[in-house]
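For the sequence shown, the working numbering begins at 42 and goes up steadily by one.
What follows is a single structure, written as structure tokens, with notes after it.
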Amino acid sequence: MLESGSGNPLDQKWLVLDRLLNVLNGKYDVPGKVTKDLQYARSLTNYYNDDPTDSNRISELPKIESFLNDAERTLMIIAEGEGDDFVDEWNKKLFDASQGKEVFKDNKIQSKFIPGMPANFDFVRFNFKEPVAEERFYEICEYENVIVEYDDNDSSIFIFGEKSNINNALKEMSSFFTEQLS
């Protein structure tokens, strides 16, 4: 299950805790604070990773560690209900993550800031497994009066506009979604 390679210890610890949360969430009543702690930790980690040499960003490290440690503490207490082997397995994953070993692959989604986009527009972002036909997307978006932007890989798509127009465009694009599921 462990993959070779190395990763950022903060990212890896977050990934392990996120996976553990997903495993435990269906079986146990996990406090909402755990999810919030992981969300805050991820946001601050992304901020820090943008420029780890910036002193303002470095000052966020104690907060990140605090959020991750609080989430870990709560999740590991809950994990005890699964037995000692389960706890040992996840403790090993957490230890490996703290050493910078790549325990889980991080499929990062690049956020994309689009300058000049009016603040009163709604938007939706989604990813396809395979690149899609841009021409048809542009036709639908033009007809529905929304703006479409592609990420560099042509599989991340952003649609901007009024909410009702976005909904109409998504309905028209439904055939693209079913193609991706097949």
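Glycine included, each C-beta is placed from N, C-alpha and C at the ideal position.
Problem - Continuous beta strand (DSSP E) stretch holding D163: start and end - result: D163 to N168
Practice task
For the region 131–147 and the region 86–98, state whether three or more C-beta atom pairs, one from each stretch, are separated by less than 8 Å.
Solution key: no
Exercise for the section: Would you check if the region 77–89 and the region 106–116 touch, i.e. whether three or more CB-CB distances between them fall below 8 Å? Expected result: yes
Exercise for the section: Have a look at N63 and I118 and give me their C-alpha separation to the nearest angstrom. Expected result: 15 Å
Problem - For D163, the nearest candidate out of S197, G122, D95 and N206 (CA to CA) - result: N206
Handout entry: Contact under 9 Å by Cβ, G122 with Y69
Key = yes
Problem - DSSP state of K142 mapped onto helix, strand, coil - result: strand
Practice task
Put V189 into one of helix, strand or coil per three-state DSSP.
Solution key: strand
Exercise for the section: Report the option in W131, E183 and K54 whose CA atom is closest to the CA atom of L65. Expected result: W131
Practice task
State the beta-bridge partners of G202 as determined by DSSP.
Solution key: D163
Practice task
Determine, using beta carbons only, whether E185 and A210 come nearer to each other than 9 Å.
Solution key: yes
Handout entry: Own chain residues within Cβ distance below 8 Å of F127, not counting five before or after
Key = A120
Exercise for the section: Flag this pair as yes or no: are the beta carbons of P50 and S139 separated by less than 9 Å? Expected result: yes
Practice task
Please determine, among Y191, R177 and Q53, the residue with the shortest C-alpha to C-alpha distance to R166.
Solution key: Y191
Exercise for the section: Check I100 in the structure and name its three-state DSSP category. Expected result: It is worth fixing the name first, because residue 100 is Ser in this sequence and not Ile. S100 falls in the coil class under three-state DSSP.
Problem - Anticipated Cβ contact below 8 Å, F169 with V187, distance rounded - result: That pair is no contact at about 17 Å.
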